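Student: Residue numbering for the sequence shown follows the working numbering, starting at 96 and increasing by one per position. The beta carbon of each residue, even a glycine, is placed where N, CA and C say it ideally should be. Because the structure is a prediction, the values reported are computed rather than measured.
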Amino acid sequence: MDHFDIAEMMESFEIICDTREQRTPRAEQRYKQFGVDYCRGTLNYGDYCGNITLPGGKKLYDASETISARCVVERKMNLDELAQCFTRGRDRFKREFERAANNNSRVFLLCEDGSIEKILRHEYRSRFSPKAFLGSVIAWNIRYNMQLIFCTHLSSGTMIREILYRDMKDRAEKGEFDVGEV
Numbered sequence: 096m097d098h099f100d101i102a103e104m105m106e107s108f109e110i111i112c113d114t115r116e117q118r119t120p121r122a123e124q125r126y127k128q129f130g131v132d133y134c135r136g137t138l139n140y141g142d143y144c145g146n147i148t149l150p151g152g153k154k155l156y157d158a159s160e161t162i163s164a165r166c167v168v169e170r171k172m173n174l175d176e177l178a179q180c181f182t183r184g185r186d187r188f189k190r191e192f193e194r195a196a197n198n199n200s201r202v203f204l205l206c207e208d209g210s211i212e213k214i215l216r217h218e219y220r221s222r223f224s225p226k227a228f229l230g231s232v233i234a235w236n237i238r239y240n241m242q243l244i245f246c247t248h249l250s251s252g253t254m255i256r257e258i259l260y261r262d263m264k265d266r267a268e269k270g271e272f273d274v275g276e277v
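1) In its own chain, which residues sit with a C-beta less than 7 angstroms from the C-beta of Ser231, not counting the 5 before and 5 after it?
2) DSSP beta-bridge partners for Glu207?
3) So, under 8 angstroms CB-CB, Asn236 and Gly209 are touching, yes? Tell me the CB distance rounded to an integer number of Å.
4) Between Thr114 and Met104, what straight-line distance do the alpha-carbon atoms span, to the nearest angstrom?
5) I'd like to know whether the C-beta atoms of Phe99 and Val131 end up nearer to each other than 7 angstroms.
6) State buried or exposed for Asn153, treating a residue as buried only when at least 16 other CB atoms are found within 10 Å of its CB.
7) If Phe203 and Gln179 are in contact, beta carbons under 8 angstroms, what's the gap, nearest whole angstrom?
8) Based on Cα-Cα distance, which residue from Thr148, Arg194, Arg201, Leu229 lies nearest to Asn139?
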């Protein structure tokens with residue numbers, strides 16, 4: 096596939112939002128920030144994945160089926176929610192990341208309105224200690240090849256689009272979607 100084929104394929108880029116993501120005013124704002132088409136589908140893990148139309152006219156992922164994407168964004172609205180995932184919801188969260196790891200998927204954990212500094216200063220509602228919180232984040236980065244990214248809720252839609260678009264384009268440039276490869 097040459098540069099022009101990849102550019103044409105990337106023009107079809109869209110985002111699939113997991114059906115479990117609630118449609119709130121903040122979510123609608125995030126969807127507008129995408130700046131590309133989006134649809135809803137059931138993801139096996141993660142909250143968002145990218146999709147493209149392949150050279151033969153077929154979509155990479157069929158949004159009517161459960162999708163195990165090669166790259167996903169798991170979004171958390173703040174450190175409170177993330178702390179809960181590492182404490183009370185840890186088993187469920189772990190199973191989700193294990194499903195992604197078993198599929199050799201890249202997971203970008205996007206935490207809105209948080210930072211490492213806020214973790215260290217215990218600026219979140221949980222008895223989870225900063226040391227344990229940071230330890231869990233680092234361990235999961237290593238264990239599950241997870242990438243933690245912080246941003247504000249005002250830019251999360253843009254970040255989701257850029258992560259998924261750049262991953263998809265990189266995979267296309269490496270030949271992952273060449274005829275016979277998919």
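Tutor: From the atom records:
1) Phe181
2) Cys246
3) Incorrect: roughly 15 angstroms between the Cβ atoms, too far for contact.
4) 25 angstroms
5) no
6) Note on identity: in this sequence residue 153 is Lys, with Asn being the wrong assignment. By the 10 Å Cβ count, Lys153 comes out exposed.
7) Contact flag wrong, Cβ pair sits at about 19 angstroms.
8) Arg194
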